[in-house]
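Residue numbers (my numbering): 217 to 419. Each residue gets a CB set at the ideal place from its N, CA and C atoms; glycine is no exception. Worksheet for the structure shown next.
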């Protein structure tokens, strides 16, 4: 809607480099297009190559700048490789948006529950964002500038059945950002966990 329309920020992020994970669909796709509309160079990261190519083409057709990086953010060494690729193609990262996420809806008491699947939620929702933050932070500290943002959820503060993995992972990443924000006091680097509200997405 008008109050947050990217059109109001046209050119405001000119020269800035942004990484957006989980950018092939849903929130990540819209976030990528909004940053591009504001003038930023966007590195769109996701596993779905064709969806990424479509997104990048749409951004470029609107005179924006974007590259696609096909990657599983949980893979070993993925964070360092993603950041290295972005720095080589676009320059130092100014804004990191950790938007990739998965959910798991299942009672923990079910005997057939595969705990590897339960922990997979933490791999995507907690470990991957932290790894990417660690990968971009040294450069941000040297330049004393940057924004670190991870998509959280209202369930981070709620007690819900059958969502033990998802809700606790979002609580963990929210608390991580709170603590990191304190750790970064005295710098011009900002740390946020953002609850975007109810949004109709595949998740």
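Could you check if residue 234 is buried or exposed, using at least 16 other CB atoms within 10 Å of its CB as the buried criterion? buried
Rounded to the nearest angstrom, what separates residue 342 and residue 310 at their Cα positions? 21 angstroms
Just confirm the distance between the C-beta atoms of residue 263 and residue 301, as a whole number of angstroms; I'd bet it's less than 8 angstroms. That belief does not hold up - the Cβ atoms of residue 263 and residue 301 are roughly 15 angstroms apart, past 8 angstroms.
With 16 as the cutoff for other CB atoms within 10 Å, does residue 345 come out buried or exposed? buried
Is the segment 274-288 touching the segment 241-261 in the sense that three or more CB pairs, one from each, lie closer than 8 angstroms? yes
First and last residue of the uninterrupted beta strand (DSSP E) at residue 365: 362-367
Residue 362 beta carbon less than 8 angstroms from that of residue 405: yes
Using the beta-carbon count (16 or more within 10 Å), is residue 402 buried or exposed? exposed
Provide the residue(s) that pair with residue 407 in DSSP beta bridges, ordered along the chain. 364
Selection from 367, 281, 338 and 384 that minimises the alpha carbon distance to residue 306: 281
Per DSSP, what kind of secondary structure is residue 313 in: helix, strand or coil? strand
Among 410, 323 and 412, which one has its Cα closest to the Cα of residue 376? 323
Among 353, 380 and 242, the one whose alpha carbon lies nearest that of residue 333: 380
Residue 333 bridges to which residues according to DSSP? DSSP lists no partner for residue 333.
Residues of its chain near residue 360, where Cβ-Cβ distance is below 8 angstroms and the 5 sequence neighbours each way are ignored: 403, 404 and 405
Sort 354, 265 and 224 by Cα distance to residue 308 and report the nearest one. 354
For residue 423, write down the residues that DSSP places opposite it in a beta bridge. The requested residue 423 does not occur in the structure, where the chain is confined to residues 217 to 419.
So residue 486 and residue 226 are supposed to be a Cβ contact under 8 angstroms. How far apart are they, rounded? The question about residue 486 has no answer here: the residues shown for the chain are numbered 217 through 419.
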